[in-house]
Amino acid sequence: MRMKRRDFLKNSAHTAIAAIVVRYVEPAQAHVLPRPGVVSSERHWWSDKQLYEGAVKVTGGKVYAMDFRSQDLPGWPVTERRAVILRANTHHRPLMALDVQGLRRQFGNIRIVTGDILNRWGCKGAEPFLMPDFYVRTGQSPEYFGQAMALLTFENADHYLLHKSKLSGLHDFVRFGPYESPVTRENYGTSQFVYYQGNGEEPEFSFMKNEQDGHDPAHSLDRVAKKNRVGQFVRKIEQDMNSSGWLRLKQSFTTQSVDPLFMETENGLAWYDSASGTLSLMLGTQSPHEDALAITQFFANTQTPPIRKIVVNCCYLGGGFGGKDSSDFPLHLAIAAIAEPDVSHRLVHTRFDQFQAGLKRHAAAVDLEIAVDRKGQFQALRSQVTLDGGGQNNYSFAIQSVAARNAAGAYRFGRSIVNAVALPSASIPAGSMRGFGTFQSCFALECLIDEAAQALHMDPIALRLKNCIQDDGYIHTGVKLATPVHAHQVLRAAQASRIWQTRHRTRAEKTKGDILYGTGFAAAFKTFGKNENGCLAGVELTENGHLKLYTPAVDMGNGAATTLALSLKSLLGRPADEVHIGVTGHFDALQLVSSEAKTETEQDMLAANPFWTPSIAISSAASTSAYHLRHVVLQAARVVLDHGLLPAAALYLNLNVQDLLSEPDAFTLRPDGLRYRDGRVITYEELAKLIYSRGLISGAMVHGYYRESWAQAEFVLTGRRHRADIDGLAIRHGQGPYSAIARETVRYSSLQSLQGDANRMSSYAVIVSVAVNRSTGEVKVVDAEGFVECGPVILKETVMGQMQGAFAMGIGQALMENLSQEDRNAGQGQWNLHLYRAPRAADCALNAAEFHIVSNDSGEPKGMSEVVFNPVPSAIANAIANATRKRFRALPIQPKDVMEALRT
Amino acid sequence: MKQVTISLTVNGKPVSRLAPADISLADFLHEKLNLTGTKVSCGMGICKACTIAVRQQDQNRLLRMQACITPAAAVEGQQVLTVEGLSVRGTLTTAQKALLENFSFQCGYCTPGFLMGITLLIDALLDKPVPRHMLDQAIDEHLGQHICRCTGYANYRKAVLKILDETPGILT
């Protein structure tokens, strides 16, 4: 069974009890402009011509957690402390002393919480996500660079500002002992997937079909390898490879650790109200619910004041890319608040802090071998992916698994052996970052396929076309894709493109003097969503006819608020007027309970409770907005339509509601209301008036559960049966409160599907041209074309924006960014943008690069924000190889590497 | 560190606050005036998110400053323009509208910096117009060092070209 963070917390010996409420923070305009969500005299003051929250962003209003102070927040104590974290700039050297008295002499009246104090309180980090000792205790050694040692709190902002310039000298008050050899730690997780197609249509052996033990993060490699049946097929594969005469290519690849470099560093506010036991937080986080769970766990059964309720006020994020998904930052805020109740606390990472302690992308080593027959058919793949998880597990246990599950992309390899492991180290902890492990696998695979194409004298795209999974085939884990991956579409589009068709001629023309010119290709096929997705949404019609949308999605610039709001157009004729993101507390009315079922029988028993669901809500990650969250938005809208709007329309038209339900062509929903076939238009205001005066359904909130397919349930609403792809429903009549509706029946997919992976893939192909200066080794990206297939597009501009942004990020990963430097280490606390080179506009071929959406209006929208990043670095590496005739298998590819290669 | 009174004009309003003598302009705007539109990201003046404009006394031209590394005391008595001061009585400027309509930003954290950079670019071009073939260079000089992590810059560039196209007097 794949473990999730919530499983660790539930299974822990400590039982945490706290109600968790996640609320939306409405941005505040700096000027008198219509605020998002406020009714203006013009119905549609925002349209799909801009981002929902765009106006407040361009006017410098308060949007991000960074903008808010306690004085801005109703009910919060105005007194606002300012906290700072003292972090270790070394590792495996025992902390001998922290000169608390010295710190107070230097900085005045500051409160200090040390690891010793946390230990006395009984606070423990929930393993394996966190280490038990969250702050280093006296006599202990930091396990990794940047591990926290103490939290210092200044009286207020003025006190902090007075001493700000002296904070760089904090380590003068810390004494470490001599270096100690680290104790060997267990790996964070391992995976193995063996696949043998054989001659039948179904695989002869696969993980999904044959090996349902799953992978336990605690498994050692020895135990995995010893499974007899797996071993039998491993030997069979090796035998086939040794005896076949296939072309075999085997190489080792490395990718570096990078920083997500979101522009808004982690920061927030917190306050613990001792009277009510409520801990309030204001954060920009991708995982508000998980953050609150981690806090309840940390303070459960401790000597600290009891936390009865946690309210997370969730802001729009100034970037995330996975780096704000289950970060430990909120825990520091909670510590500050619990240490001194009844005042507000603010904590802000400087960029130095963010480099030193923020979650990173895993550095990786991938040993990859592929076997191809002389006709260009892929025959076998063997991959070992080793990820450096750094000092904390965080999501490493899952990331190594996803890296393994996507190691063969959407290519047919009749035989594959994929092993993955995430290892601890003294590096800064790595976590969920755009790609979630798939980028590392993709880099190796797409570079080696390019080498195979060269060896076979084949067009690299033609080779891929020959080997892509058609439609809904099996991938190497044995998961059958639920929908076509359309790999052929993006590959053919790339093959026909301007840049690919003219690449030989362009190379000949532009290779002159010191310039070597080359063009390279790479593709990526990535699953989106998780193997299990619990999703929430709420839709309401207000009394004045406006549409309100509630969603737990957070918006980190990916346009989640805008695209989900626009989703309503397809059903209700117009987008939501008001969007509340980041909320979960609103959905308490669903009265959902969740627990883990270990067997099918147990699942059936638990499902007899009409309010039970296997999992309630997910964090904003894994590219879930476009498909999963949109699905539940439409489900909620359907309830309001069928049981609120249409009954109201029927009353107005003097019809029976069945007349409208049975003839959907008899009416259309438009931005202004419902138009009946006889030409009559009932405005949304008129419909709302009827709904509220007659007590019809004015709002619905739903829970959907996806596991290989959506759970389906039946409810009785307004005297009719309502069958839908949801498993939880609450409705309100007119102005009344929400009440949960007990489902009559429900059907969940088999638990076996939990062993699999997400079963939907999106596709992306990218071609990059580079100019390499042979006298300096500098590589400049000069042209590019990208092709994405992501199903029907809700908002073209957000899809294009993701491709453009991912392209820049990929250039940084390929050529510039690097935290893995031998002579200096970001964990020492001195890194900033003077040492870490990020791509600028001039690096991104703005005059030439083009991005295309390969149209596919059938099916459902697909998550695509990760797949459009994955192949960019390999396309660049392949382009450099085309230019220089040298292969580069380690990232980043820097001038010194190019010069060295050209010399050999 | 002693506290001093720092007086300047921000978005047309005179302000005077007691603050640490070495307080940065960014911290002064945020903590003393509750004007949080100017964003701090790197804190070293590299990313340009904290770009503001200063009109020195007796000068017509706007001067670029990075608020995170400029002491507030260094602009004592001067006129400071921040993103909050761009729109007049709630009406968006051409630049603000262009960034909105072109989906130029995603998370938007770098956007105030870009808007101030565009303001400075236009101010510079109005002072010294350039031939059309030098426009790219001018854009690069004023905006080329701004960091955006989300967008890849393409729609920022598209919007800037549109803004400049609609601004008379910037080309020779």
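Sequence order for the protein chains is A and B. Going by my numbering, the first residue of the first sequence is number 190, and it counts up by one from there. Going by my numbering, the first residue of the second sequence is number 620, and it counts up by one from there. All C-beta atoms, glycine included, are put in the ideal place defined by N, C-alpha and C.
Cross-chain neighbours of residue i in chain A, by beta carbon under 7 Å
i	result
Pro731 of chain B	Gly249
Gln764 of chain B	Arg1029
Counted within 10 angstroms of its Cβ, other Cβ atoms place residue i as buried (16 or more) or exposed
i	result
Pro750 of chain B	exposed
Gln659 of chain A	exposed
His408 of chain A	Reliability of the predicted coordinates at His408 of chain A is poor, the pLDDT of 43 falling under 50, and the value obtained from them is presented with this limitation in mind. With 16 or more other Cβ atoms within 10 Å, it is buried.
Pro1060 of chain A	buried
Ala765 of chain A	buried
Ala825 of chain A	buried
Ser635 of chain B	exposed
Ala877 of chain A	buried
Gln715 of chain B	buried
Thr624 of chain B	exposed
Asn1014 of chain A	buried
Pro225 of chain A	Since pLDDT at Pro225 of chain A reaches only 41, below the 50 mark, its modelled position is unreliable, and no value is offered.
Gly676 of chain B	Note that residue 676 of chain B is Gln in the sequence shown here, rather than Gly. So Gln676 of chain B counts as exposed.
Ile1082 of chain A	buried
Leu1080 of chain A	buried
Met794 of chain A	exposed
Arg535 of chain A	buried
Thr689 of chain B	buried
Beta-carbon spacing of residue i, residue j below 8 Å
i	j	result
Val674 of chain A	Phe625 of chain A	no
Tyr953 of chain A	Gly925 of chain A	no
Gly1052 of chain A	Pro1028 of chain A	no
Ala778 of chain B	Ser723 of chain B	yes
Ala750 of chain A	Val768 of chain A	yes
Val574 of chain A	Ala596 of chain A	yes
Gln678 of chain B	Asn747 of chain A	no
Leu637 of chain A	Cys657 of chain A	no
Ala889 of chain A	Val828 of chain A	yes
Tyr951 of chain A	Glu978 of chain A	First, the amino acid is wrong: residue 951 of chain A is Ser here, not Tyr. A contact, by the Cβ cut-off of 8 Å.
Per-residue contacts from residue i into chain B (C-beta, under 7 Å)
i	result
Asn502 of chain A	What Asn502 of chain A touches in chain B: nothing, since even the nearest Cβ is about 16 Å away.
Leu1022 of chain A	Cys661, Met663, Ile665 and Cys666
Phe996 of chain A	Gly771
Under 8 Å by beta carbon: chain A residues contacting residue i
i	result
Val749 of chain B	The contacting residues do not exist; Val749 of chain B stays about 18 Å from chain A at best.
Ala668 of chain B	Met452
Within chain A, the residues that residue i reaches when beta carbons sit closer than 9 Å
i	result
Asp646 of chain B	Ala346, Leu350 and Lys353
Val702 of chain B	Ala219, Val247, Thr248 and Gly249
Ser635 of chain B	Residues of chain A passing the Cβ test: none, with the nearest at roughly 16 Å.
Of the listed residues the options, nearest to residue i (C-alpha basis)
i	options	result
Leu1004 of chain A	A:Gly1016, A:Glu986 and A:Lys1085	A:Lys1085
Glu427 of chain A	A:Arg535, A:Ala560, A:Ser463 and A:Phe334	A:Ala560
Thr710 of chain B	A:Glu269, A:Ala244, A:Gly547 and A:Ile299	A:Ala244
Val968 of chain A	A:Tyr1025, A:Thr907, A:Pro1062 and A:Asn1014	A:Pro1062
Leu838 of chain A	A:Arg864, A:Glu640 and A:Tyr894	What sits at residue 838 of chain A in the sequence shown is Ala, not Leu. Ranking A:Arg864, A:Glu640 and A:Tyr894 by Cα distance to Ala838 of chain A puts A:Arg864 first.
Gly923 of chain A	A:Glu729, A:Lys758 and A:Leu1080	A:Glu729
Ser781 of chain A	A:Lys701, A:Gln329, A:Cys724 and A:Gln260	Reading the sequence as shown, one finds Leu at residue 781 of chain A and not Ser. Closest by alpha carbon: A:Cys724.
Leu700 of chain B	B:Arg680, B:Thr713, B:His752 and B:Leu718	B:Arg680
Asp639 of chain A	A:Glu375, A:Phe628 and A:Ala651	A:Ala651
Leu885 of chain A	A:Gly966, A:Asp322, A:His832 and A:Arg1074	A:His832
His551 of chain A	A:Asp562, A:Ala525, A:Gly580 and A:Val532	A:Gly580
Asp867 of chain A	A:Arg563, A:Glu875 and A:Thr857	A:Thr857
Ser357 of chain A	A:Leu918, A:Val555, A:Trp1020 and A:Ser432	A:Trp1020
Phe451 of chain A	A:Phe396, A:Gly547, A:Asp531 and A:Met430	A:Gly547
Listed by chain order, chain B residues near residue i by CB distance under 9 Å
i	result
Arg258 of chain A	His649, Glu650, Asn653 and Thr655
Ala244 of chain A	Leu711, Gln715 and Leu719
Neighbouring residues, chain B, relative to residue i (Cβ below 8 Å)
i	result
Asn747 of chain A	Gln725
Val1098 of chain A	No answer is possible for residue 1098 of chain A: the residues shown for chain A start at 190 and end at 1093.
Could you name the residues of the stretch 653-664 of chain B whose beta carbon sits closer than 9 Å to any beta carbon of chain A, in the order they occur along the chain? Result list: Asn653, Leu654, Thr655, Gly656, Thr657, Lys658, Val659, Ser660, Cys661, Gly662 and Met663.
Residues of the stretch 865-893 of chain A with Cβ closer than 7 Å to any Cβ of chain B, in chain order: Correct list: empty, as no residue qualifies.
Taking a cut of 7 Å between CB atoms, which residues from the stretch 768-782 of chain B lie near chain A? Considering only beta carbons, the part of the stretch 768-782 of chain B lying closer than 7 Å to chain A consists of Arg768, Cys769, Thr770, Gly771, Tyr772, Ala773, Asn774 and Arg776, in chain order.
Quick one: which residues of the stretch 340-357 of chain A get their C-beta closer than 7 Å to a C-beta of chain B? List them in chain order. Answer set for the stretch 340-357 of chain A: Ala346, Leu350, Leu351 and Ser354.
Could you name the residues of the stretch 670-684 of chain B whose beta carbon sits closer than 9 Å to any beta carbon of chain A, in the order they occur along the chain? Under the 9 Å Cβ criterion, the stretch 670-684 of chain B contributes no residue.
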